[in-house]
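Here is the structure we will look at, set down as structure tokens.
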Amino acid sequence: MAFPLDLISKRPTPFYLYDLGLLDRTLQAVNDSIATHPDFHVHYAVKANPDPILLSHIFMAGLGADTVSGGEINIALQAGVKPRDIAFAGVGKTDRDIKIALNAGIGMFNIESVQELDIINDIALSLGKKADVAIRVNPDIDAHTHHYITTGIAENKFGIDMRDLDTAISHAIGLSGINFVGLHFHIGSQITIDTPFILLCERVNEIVARLDSEGVSLRSVNLGGGLGIDYEYPDRHPVPDFGLFFDSVKRHLDIPAGIEVHFELGRSIVGQCGTLIGRTLYVKNGHSHDFAIIDAGMTELIRPALYDAYHFISNLTGDAEHRPTRFYNVVGPVCETTDTFATNRRLSRVVRGDIIAIRSAGAYGQSMSSHYNSRRLYPNLYI
Ligand SMILES: Cc1ncc(COP(=O)(O)O)c(C=O)c1O
């Protein structure tokens, strides 16, 4: 990615920079890849980044919205998504949020417990509406990603255990405020090999065939999100290989024609278009490491502190001046040891005032930022 260093250097830091051209190319790649699969429908997982400008590009490209709160439903509607293209998921939906969803006329609730079915049914009937509902199944598949972002193994809080699925479906079919339409799955995030998705397709095939033999037909199957991005080499792989992903799902999914296949991609849509920009405050020589202390911290990008996540980092000022490289621990200013972006990282020699870019920060970066230490993020820059 080419960074406009002159423009960046004049702005107060820290801030997020979004490359809208890259976002548009990513969206084009999604649309090109599903063009040959007319039964595939892609929703964008708004939680990855609810920035209104990004959302308007995403919905303009025709993606639907995968939401987890009334707030996300409202933000998505304001950014132009059609209500019928919204799915509402989440293990703890509030009554207030369920009402927002029903009044907006969203396309689908993804429910995670039998009690939730009853509550949605009661609220729908009280509003004189009927809710289209998919049941989230916990397929007991290990996505082999970080344990904090694995969601589809039996011990996780998500979804309904496969052994309880038939009971949940019969219950849903018996409720007059509920229209049971399908199944929902999501096995985890930052999945970079296709084996977990192949296992998921096989599990879906088994479940759909069994339900079919019991006379339960489905309108849709939602395979969730989880496609990973290249955090190590963002410039080599700025756009994920959606073709490989969708073609692999198509090859391994064996369900009756006519069932819609939905996806909820977050990270793979917006991850690479966002960069956290910080400025170097101090360079400190430690006993074993030199520290580059910058004005961006875990309050702006918590992934390294939370998941031990790797982000590619560069010293834009040092690179522009072709300085020799050295090794640094790149840390933020927050009063927590975990406020560390990288240890022993090779960067162009760092001096006070240098602009530091933390790459691949478009997903779960700004959306997970906080005001801890009463800190502030400066306005975004869109290029
Ligand atoms: C139910 C559900 N769907 C979709 C997503 C989006 O996942 P990703 O950003 O990895 O594509 C998430 C992420 O946590 C999720 O929980």
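Residue numbers (my numbering): 2 to 384. From the three backbone atoms N, C-alpha and C, an ideal C-beta is built for every residue, glycine too.
{"Item": "Name the DSSP beta bridge partners of Ile-230, please?", "Value": "Partner(s): none; Ile-230 has no beta bridge."}
{"Item": "In this structure, what does DSSP give as the bridge partners for Asp-162?", "Value": "Asn-139"}
{"Item": "Between Ala-297, Ser-349, Arg-137, which has its C-alpha nearest Tyr-373's C-alpha?", "Value": "Ala-297"}
{"Item": "Quick check: Val-209 and Ile-256, are their CB atoms within less than 8 Å of each other?", "Value": "yes"}
{"Item": "Looking at the unbroken alpha helix (DSSP H) that takes in Leu-200, where does it start and where does it end?", "Value": "196-214"}
{"Item": "Assess contact between the segment 199-218 and the segment 4-11, defined as three or more Cβ pairs (one per stretch) separated by less than 8 Å. Is contact present?", "Value": "no"}
{"Item": "Would the C-beta of His-187 count as close to ligand 1, meaning under 7 Å from any of its heavy atoms?", "Value": "yes"}
{"Item": "In this structure, how does DSSP classify Asn-32 when only helix, strand and coil are distinguished?", "Value": "helix"}
{"Item": "Where does the unbroken beta strand (DSSP E) through Thr-68 begin, and where does it stop?", "Value": "65-68"}
{"Item": "Go through its chain and collect everything with a Cβ distance to Asp-167's Cβ below 8 Å, but skip five positions before and after it.", "Value": "Glu-215"}
{"Item": "Within 10 Å of its beta-carbon, does Pro-13 have 16 or more other beta-carbons around it, so buried, or fewer, so exposed?", "Value": "exposed"}
{"Item": "Give me the DSSP bridge partner(s) of Gly-275.", "Value": "Tyr-19"}
{"Item": "Give me the DSSP bridge partner(s) of Ile-359.", "Value": "Leu-277, Ile-314"}
{"Item": "Could you give the DSSP three-state label for Asn-50: helix, strand or coil?", "Value": "coil"}
{"Item": "So, is Gly-189 buried or exposed, given that buried needs 16 or more other C-beta atoms within 10 angstroms?", "Value": "buried"}
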